[in-house]
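One structure is given here, and the rest of the page talks about it.
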Amino acid sequence: VEETEKKDGRRNLKEIVKVFNDFLPLSDSLIKLGRWISYYYYCSLGEALHSISPIQETFRIQKKKENEGA
3 VEETEKKDGR RNLKEIVKVF NDFLPLSDSL IKLGRWISYY YYCSLGEALH
53 SISPIQETFR IQKKKENEGA
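What the sequence shown shows, in this note's numbering, is residues 3 to 72, in sequence order.
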């Protein structure tokens, strides 16, 4: 091996534009219920918490067109 390429491990990360919620809308009892659901029904904790979350909104990422505003 004559030469190796050094990589710093960083990826093409993007800047956070806006934080929609700065608090957790789930109480301790709902998180405990979510853990039980994920164990009992053998699903991920994220799926279980999403199913019982009081916020059921979904967000879409909107890409800007290059010629937008011109």
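Yeah, the Cβ is synthetic: ideal placement off N, Cα and C, and Gly gets one too. These numbers come from a predicted model, not from an experiment.
Separation of the CB atoms of Leu51 and Leu28 is rounded to 7 Å, and the pair is thereby assigned contact status at 8 Å. Per DSSP, Lys20 lies in no alpha helix (DSSP H) segment and is marked neither H nor E. The DSSP-derived three-state label of Leu28 is coil. By the criterion of a C-beta distance shorter than 8 Å, Cys45 is surrounded in its chain by Ile39, once the five residues flanking it on both sides are discounted.
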